[in-house]
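Numbering (this note's numbering), first residue to last: 219 to 394. Ideal placement from N, C-alpha and C gives every residue a C-beta, glycine not left out. In this text, all values refer to a predicted model and were calculated from it rather than measured experimentally. Reviewing the structure listed below.
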Amino acid sequence: MNAIGTCTLNKVFLEFSERFWSEKDSYFAFIDGELIKGMASTSRRFYLFESLWESTRTSSLLAYSFGADAESQELLSDQELGDAVVNVLSSMFARERIKVVRVKASKWNSDTLAKGSFPFVPVNGSPEKFNIMSDPVAKRIFFAGDGTTTLFPGTVRGAFASGRREAARIAALYNR
219 MNAIGTCTLN KVFLEFSERF WSEKDSYFAF IDGELIKGMA STSRRFYLFE SLWESTRTSS
279 LLAYSFGADA ESQELLSDQE LGDAVVNVLS SMFARERIKV VRVKASKWNS DTLAKGSFPF
339 VPVNGSPEKF NIMSDPVAKR IFFAGDGTTT LFPGTVRGAF ASGRREAARI AALYNR
């Protein structure tokens, strides 16, 4: 298990009283090196934003954070995270007041059952370790999930495919 790394990617969902970005913008990024350098804490960094306008017709965004930034953000409340995101968005869109209606954040690294968002192969690692993780124990314990397959590892698609793989393996044991 130690041969597979776990990365944290968190999302902060924000619903606003009005949309202040173009409806054509599905994604946008925050790239301002000077402002990033000036931030006192990594818990306030957000770089990538996804508009949910096209799929939901609501004035909602997802703000993404990765790695150490995402992990440190898990110590903040949803409200504090919302304030941090609004701070970044205010500088991006040159708006002083952005009214947030609702905030909800994922905290994958703090989740005792997940301990991160998705698996990855570390430097000098081997993708074959994902397949080793799928080896059954005494034909009684079976493993499925995005960290047990080299076919789309770290994705819902990979997790689903591995579930089908294990279902077929169990069915074969019972000749079904």
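Limits of the alpha helix (DSSP H) - the one that residue i falls within
| i | result |
| --- | --- |
| Phe361 | That residue, Phe361, is in no alpha helix (DSSP H); it is neither H nor E in DSSP. |
| Leu391 | 374-391 |
| Glu346 | 346-350 |
Where residue i falls, given that 16 or more other Cβ within 10 Å makes a residue buried
| i | result |
| --- | --- |
| Asn327 | buried |
| Asn228 | buried |
| Gln297 | exposed |
| Val306 | buried |
| Asp364 | buried |
| Pro354 | exposed |
| Leu331 | exposed |
| Leu293 | exposed |
| Leu391 | exposed |
| Thr226 | buried |
| Ser235 | exposed |
| Val374 | exposed |
| Ala389 | exposed |
Neighbourhood of residue i by C-beta distance below 8 angstroms, restricted to the same chain and skipping five residues each side
| i | result |
| --- | --- |
| Thr368 | Pro345, Glu346, Phe348, Asn349 |
| Thr366 | Phe348, Asn349, Met351, Ser352, Ser380 |
| Val304 | Leu232, Ile316, Val318 |
| Gly343 | Ala221, Ile222, Gly223 |
Per DSSP, the bridge partner or partners of residue i
| i | result |
| --- | --- |
| Glu233 | Ser278, Arg320 |
| Ser283 | Asn228 |
| Leu266 | Ala247, Tyr282 |
| Gly300 | Beta-bridge pairing links Gly300 to no other residue. |
| Gly223 | Phe338 |
N-terminal and C-terminal residue of the beta strand (DSSP E) that residue i is part of
| i | result |
| --- | --- |
| Glu314 | Taken as a continuous stretch (DSSP letters only), Glu314 belongs to no beta strand (DSSP E), as it is neither H nor E. |
| Pro337 | 336-338 |
Close-in-space but distant-in-sequence residues of the same chain around residue i (CB under 7 angstroms, 5 per side omitted)
| i | result |
| --- | --- |
| Phe238 | Phe311, Arg313, Ile316 |
| Thr276 | Glu233, Leu270 |
| Ser308 | Glu314, Ile316 |
| Lys325 | Asn228, Glu292 |
Residues of its chain near residue i, where Cβ-Cβ distance is below 6 angstroms and the 5 sequence neighbours each way are ignored
| i | result |
| --- | --- |
| Val339 | Pro345 |
| Val230 | Ala281, Leu299, Val303, Ala323 |
Cβ-Cβ distance between residue i and residue j below 7 angstroms
| i | j | result |
| --- | --- | --- |
| Glu268 | Leu280 | yes |
| Pro337 | Gly372 | yes |
| Phe248 | Tyr265 | yes |
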